[in-house]
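Residue numbers (the working numbering), protein chains in the order written: chain W, 1 to 377; chain V, 1 to 377.
Even for Gly, the Cβ is constructed at its ideal location relative to N, Cα and C.
Accompanying notes for the structure given below.
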């Protein structure tokens, strides 16, 4: 695979009351194109990742909308796989470059969530789950809470283990000016915040966020940039109740195995990673299923500091979904941006020393879709 | 380009009160896989084209939903570009095969529209247009009526020219058991049916339809099947008022030029075509912009019978969107199915003799996205 990230652009994540989805998408896209050093007319196609805009505002057809407003007349596509929309947009963009059809493409992930009310957004997000889950009144906090409870019961994972994910990611976010919540929290604060869905408190749960990220990808490996050397997608049942196990995400294992194989690296080669921590249990599962630690050991592994800045492999240096924020379809693109910038040595106070191999892990629903990428200098 | 259509599957188009989107998608997918001769475990990825299901029912994440229900655990993607969703799904699936990442992929286009009320579906479809168009109260019949009026004024195109598209496509549909309206209509009936948006009467306008189509595509050119030799996408402004001209669809010209170039054929080599006749004027514009006739001559060209079965290049032998029906995201896939089956000599009474090169033309909105494919034996 000879695909490079030539440029990256990212808006502040948070509440953008004065901006539309278009505004956010264009801001990120323009920054990415400028950062790539390419003229806009060298961009052959645009991939737009978005989950919710059609539902919340009526507007579909975002590929052509974003492309034409940027003055791009080539291919334009919107892709969606719930919260993994950003990851599959990167994956499909890579295919289009490897095929030789396109030479330089723009991938934009964007979401405008705060204009909707709490119940409207909660209901819209359940589109990532199954019809039976919606009928049963389940929400995503509840679905992941079921997974957390099963993990606690089987492996002795504690609420403190869960909370340590949040504490770490808030610490990382405190070093990231683009983060929605750029401040630290204590373990006590996480444990004592209001219960959302037992065992989760408010600080175990990612927020509702507006934001956009964009990258310019190219098949021209002579340009300066970071290589994407592995890109794999795996799927599973959308409905959690149809899975054989609540304590692992099988699609993570499958996608990771394939992406690492493509890149020709082992999980122990990874120096920095962005993983899908929509809920604190999700980061524990990711550590285990990606192979950073043994199954059942995720909580202890995180609590001992291995994945904090300064540890052996810092995870979610952006602050993750929990503290950087989670504009759903933008997340997979933001993960690629964070790792690219880490590998370029551009992230200031949260820089990981000697970062030369990085990984991203993006999940749709409770694991119906998983996308894993490997990036290298 | 060495991509082949190995198998095709298509449900009846029409009103399926007793079936869900899932039922329709699975029926088409199973038929396509069976027709391909491949075992399901040889399918590496699934591309699902759908525009409206999230809006109308809440259910997103259709890639994983369809894939997992078929027992496929590889890549799964939903793609959307309004009424060109099916065409871009085929285009992106081709990229994934040409890249070498996947060897056999399934593309499913599916839509369940009749469960929604008339105003709900009309409003949902306006997601293909711009925010300003929605605010102005425009609907798609009205947008295309503006294009028709401009064409009539500039080139003397008449209501009879428009109606002749409908008469031809209903004749073709009368030979297609899968068509929503498998019966003939007279020119008088079209002209005298109720006005929908002047100059369009009821029979100038495509219907609301349930249906699904699926194809298995492969990079293995040793398998029996039909080659896709050209695949191109072009985009333009989503908002009609931002275009320089109402009497052409520039993206059609651009996509056709590129697809024909890829295939190494001229428009005069095309023996059979499926084009996007959402409104009768759209087929007239398609004939001109694809290069079948001169600009302004489309009405006369169609009226004289060149594109009717028996003519020099039959167009919309399926019955087109007008008479076969238009389950929006399924349409681009159905076009590939009809041309594949024509090239295989499998369409019975509507078979075009010596069909060896065919073309499909799929439009999103009023031309914000256009996809053109060339198929060859």
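Can you find a CB in chain W that lies within less than 9 Å of the CB of residue 143 of chain V? Here residue 143 of chain V corresponds to residue number 143 of the second chain, with the count starting at 1. By this cut-off, residue 143 of chain V is not an interface position.
As an exercise, report each continuous alpha helix (DSSP H) stretch of at least 4 residues that is fully enclosed by the segment 242 to 297 of chain W, in chain order. 250 to 263 and 280 to 290
If the cut-off is 8 Å on Cβ atoms, which residues from the segment 201 to 223 of chain V count as contacting chain W, listed in chain order? none
State the DSSP-derived secondary structure class of residue 181 of chain V, mapped to helix, strand or coil. Within the second chain, the letter at position 181 stands for residue 181 of chain V. Coil at residue 181 of chain V, not helix or strand.
In the segment 58 to 72 of chain V, which residues sit with their C-beta less than 9 Å from some C-beta in chain W, listed in chain order? 58, 59, 60, 61, 62, 63, 64, 65, 67, 68, 69 and 72
Does the CB of residue 253 of chain W have a neighbour CB from chain V at under 9 Å? Here the question's residue 253 of chain W lines up with position 253 in the first chain. Not closer than 9 Å to any Cβ of chain V, the Cβ of residue 253 of chain W fails to qualify, so no.
Reducing DSSP to helix, strand and coil, say where residue 359 of chain W ends up. Taking the first chain and counting its residues from 1, one reaches residue 359 of chain W at position 359. The answer is strand: DSSP assigns residue 359 of chain W an E or B state.
Give the DSSP-derived three-state secondary structure of residue 69 of chain W in the structure shown. As a first step, residue 69 of chain W is located in the first chain; it is residue number 69 there, counting from the start. Residue 69 of chain W falls in the helix class under three-state DSSP.
Comparing alpha-carbon positions, which option in V/62, V/44, V/73 and V/22 lies nearest residue 235 of chain W? For the purposes of this step, residue 235 of chain W is identified with residue 235 of the first chain, where counting begins at 1. The shortest Cα separation from residue 235 of chain W among V/62, V/44, V/73 and V/22 belongs to V/73.
Determine the burial state of residue 34 of chain W: buried for a count of at least 16 other Cβ atoms within 10 Å of its Cβ, exposed for fewer. Position 34 of the first chain, counting from 1, holds the residue named residue 34 of chain W. Residue 34 of chain W is exposed by the Cβ-count criterion.
Just to confirm before moving on: does the CB-CB distance between residue 362 of chain V and residue 374 of chain V stay below 9 Å? Residue 362 of chain V sits at position 362 when you count from the first residue of the second chain. Residue 374 of chain V sits at position 374 when you count from the first residue of the second chain. Cβ atoms of residue 362 of chain V and residue 374 of chain V: not closer than 9 Å.
Just curious, the beta strand (DSSP E) that residue 373 of chain W is in, first and last residue? Here residue 373 of chain W corresponds to residue number 373 of the first chain, with the count starting at 1. 369 to 376 is the span of the beta strand (DSSP E), which, as asked, contains residue 373 of chain W.
Proximity winner among W/176, W/196, W/214 and W/359, relative to residue 324 of chain W (alpha-carbon distances): Translated into the one-based positions of the first chain, residue 324 of chain W becomes position 324. Of the listed residues, the one whose Cα sits closest to residue 324 of chain W is W/176.
Quick check on residue 346 of chain W: buried or exposed, where buried means 16 or more other Cβ atoms within 10 Å of its Cβ? The residue you call residue 346 of chain W lines up with position 346 of the first chain. Exposed, because fewer than 16 other Cβ atoms sit within 10 Å of the Cβ of residue 346 of chain W.
Residues of chain V with CB closer than 7 Å to the CB of residue 80 of chain W, please, in chain order. Within the first chain, residue 80 of chain W is the residue found at index 80, counting from 1. Simply 60, 78 and 80.
Out of V/29, V/20 and V/156, which one is the CA nearest neighbour of residue 217 of chain V? Locating residue 217 of chain V in the second chain gives position 217, counting from the first residue. Comparing Cα positions, the closest option is V/29.
Of the residues V/85, V/271 and V/109, the one placed nearest residue 10 of chain V, counting alpha carbons only: Taking the second chain and counting its residues from 1, one reaches residue 10 of chain V at position 10. If we check each option's Cα against that of residue 10 of chain V, V/109 comes out closest.
Is residue 210 of chain V helix, strand or coil when you go by DSSP? To locate residue 210 of chain V, count along the second chain from 1; it is residue 210. Residue state, collapsed to three classes: strand.
Nearest to residue 265 of chain W by alpha carbon, out of W/249, W/230 and W/242? In the first chain, the residue the question calls residue 265 of chain W occupies position 265. Closest option to residue 265 of chain W, Cα to Cα, is W/230.
For a contact defined as C-beta to C-beta under 7 Å, what are the partners of residue 88 of chain V on chain W? By 1-based counting over the second chain, the position of residue 88 of chain V is 88. In chain order: 77.
Can you list the beta strand (DSSP E) stretches of 3 or more residues lying completely in the segment 305 to 370 of chain V, in chain order? 357 to 364
Quick one: using the 10 Å Cβ neighbour count with 16 as the cut-off for buried, is residue 195 of chain V buried or exposed? Working through the second chain from its first residue, we reach residue 195 of chain V at position 195. It is exposed - the Cβ of residue 195 of chain V has fewer than 16 other Cβ atoms within 10 Å.
Within 9 Å of any Cβ in chain W, is that where the Cβ of residue 118 of chain V sits? Within the second chain, the letter at position 118 stands for residue 118 of chain V. Output row for residue 118 of chain V: interface = no.
Name the chain W residues whose beta carbon is nearer than 7 Å to that of residue 134 of chain V? For the purposes of this step, residue 134 of chain V is taken as residue 134 along the second chain, with counting starting at 1. Those are 58, listed as they occur along chain W.
DSSP three-state assignment for residue 6 of chain V, whether helix, strand or coil: Residue numbering aside, residue 6 of chain V sits at position 6 when the second chain is read from its first letter. Strand.
Give me the chain V residues within the contact set of residue 126 of chain W, using Cβ-Cβ distance strictly less than 8 Å, ordered along the chain. Here residue 126 of chain W is taken as the residue at index 126 of the first chain, counted from 1. Within chain V, the residues near residue 126 of chain W are 58.
Can you tell me which of V/43, V/260, V/46 and V/62 puts its alpha carbon nearest to the alpha carbon of residue 52 of chain V? Position 52 of the second chain holds residue 52 of chain V. Checking every option, the nearest Cα to that of residue 52 of chain V belongs to V/62.
Output, in chain order, the set of chain V residues within a Cβ distance shorter than 9 Å of residue 30 of chain W. Working through the first chain from its first residue, we reach residue 30 of chain W at position 30. Residues of chain V passing the Cβ test: none, with the nearest at roughly 18 Å.
Less than 9 Å between the C-beta atoms of residue 388 of chain V and residue 50 of chain V, yes or no? Lying before the first or after the last residue shown, residue 388 of chain V is absent from chain V, which here runs from 1 to 377.
Determine the burial state of residue 160 of chain W: buried for a count of at least 16 other Cβ atoms within 10 Å of its Cβ, exposed for fewer. Numbered from its first residue, the first chain carries residue 160 of chain W at position 160. Classification of residue 160 of chain W: exposed, given that the 10 Å Cβ count is below 16.
So which of W/247, W/307, W/299 and W/258 has the shortest CA-CA distance to residue 144 of chain W? Translated into the one-based positions of the first chain, residue 144 of chain W becomes position 144. It is W/247 whose Cα lies nearest to the Cα of residue 144 of chain W.
Is the number of C-beta pairs between the segment 171 to 187 of chain V and the segment 324 to 344 of chain V that are closer than 8 Å three or more? yes
Could you give the distance in angstroms between the alpha-carbon of residue 278 of chain W and the alpha-carbon of residue 199 of chain W? Here the question's residue 278 of chain W lines up with position 278 in the first chain. Here the question's residue 199 of chain W lines up with position 199 in the first chain. In a straight line, the C-alpha of residue 278 of chain W is about 14 Å away from that of residue 199 of chain W.
Kindly list, in the order they appear in chain V, the residues whose Cβ is closer than 9 Å to that of residue 55 of chain W. In the first chain, counting from the first residue as 1, residue 55 of chain W sits at position 55. Correct list: 54, 55, 58 and 60.
How many Å lie between residue 334 of chain V and residue 206 of chain W at the Cα? Here residue 334 of chain V refers to the residue found at position 334 when the second chain is read from its first residue. Here residue 206 of chain W refers to the residue found at position 206 when the first chain is read from its first residue. C-alpha separation (whole angstroms): 41 Å.
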